[in-house]
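Take a look at the structure set out below.
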Amino acid sequence: MEVLSREGFAGLTIRMVAAEAGVGAATAYTYFSSKEHLVAEVFWRRLATTPAPPNDSPDPATRAVAVLHHIALLLADQHELAGAVTSALLGRDPDVDYLRLKIGLEINARLTAALGPDADPSTVQSLELLYAGALVRAGMGYASYQEIAELLERSARSLLT
């Protein structure tokens with residue numbers, strides 16, 4: 001993601017990434033149909049390979065808040081990538097649509113597991129909406145990811161009490 005850090009999302013191209021990686025552009029396009037697809041894939045892989053934090057709290061709200069806080073901070077130390085993820089996930093690329101679905105299902109599964117076997121689907125959906133809104137706000141630069149994580153925690157606790 002050195003190219004993204006150097007060029008920004010607007011200047012990022014698959015050709016640049018391919019050159020940096022030492023592969024041909026045609027090879028890169030075999031795997032990624034667009035820069036949005038590439039960035040969404042980076043986020044998906046980070047989410048998929050970072051397990052939910054262990055939380056033995058007997059309180060479902062505490063467990064759900066821990067999940068949201070953890071996901072919100074996945075990109076906190078990489079501001080350029082975080083903004084790019086927001087832009088990429090809001091795009092219309094069919095390959096991004098697929099990744100957006102996978103990301104959503106993973107977040108849903110983590111929240112449902114945190115809330116327990118009797119989790120109300122509408123509560124899970126509300127928490128997902130809180131997260132999505134927080135991601136957009138952070139990606140637009142209204143607050144740092146740390147601030148967004150704290151706001152997300154307060155909002156989730158308010159919803160769950």
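Last residue of the sequence shown: number 161 in UniProt numbering, and the count goes up by one each step with no gaps. Backbone N, C-alpha and C fix where the C-beta goes; we use that ideal spot for every residue, glycine too. In this text the structure is predicted, and so the values were computed from the model without any measurement.
query	result
Residue of 42, 113 and 6 minimising C-alpha distance to residue 67	113
Rounded distance between the beta-carbons of residue 80 and residue 135, thought under 8 Å	15 Å between Cβ atoms; not a contact.
Contact check, residue 10 vs residue 69, beta carbons under 8 Å	no
Neighbourhood of residue 107 by C-beta distance below 7 Å, restricted to the same chain and skipping five residues each side	71, 128 and 131
For residue 126 and residue 29, the rounded distance between their alpha carbons	37 Å
Test item: CB-CB of residue 105 and residue 124 under 8 Å	no
Boundaries of the alpha helix (DSSP H) in which residue 11 is found, first to last residue	2-11
Cβ-based burial, residue 27 [other Cβ within 10 Å; buried from 16]	exposed
Residue environment, residue 63, which counts as buried when at least 16 other CB atoms sit within 10 Å	buried
Terminal residues of the alpha helix (DSSP H) in which residue 139 lies	121-139
The segment 91-98 in contact with the segment 37-54 per 3-pair CB rule at 8 Å	yes
Spatial distance of residue 119 from residue 61 (CA atoms)	11 Å
Where residue 15 falls: helix, strand or coil (DSSP)	helix
Same chain, Cβ closer than 6 Å to residue 1, five either side skipped, listed in chain order	81
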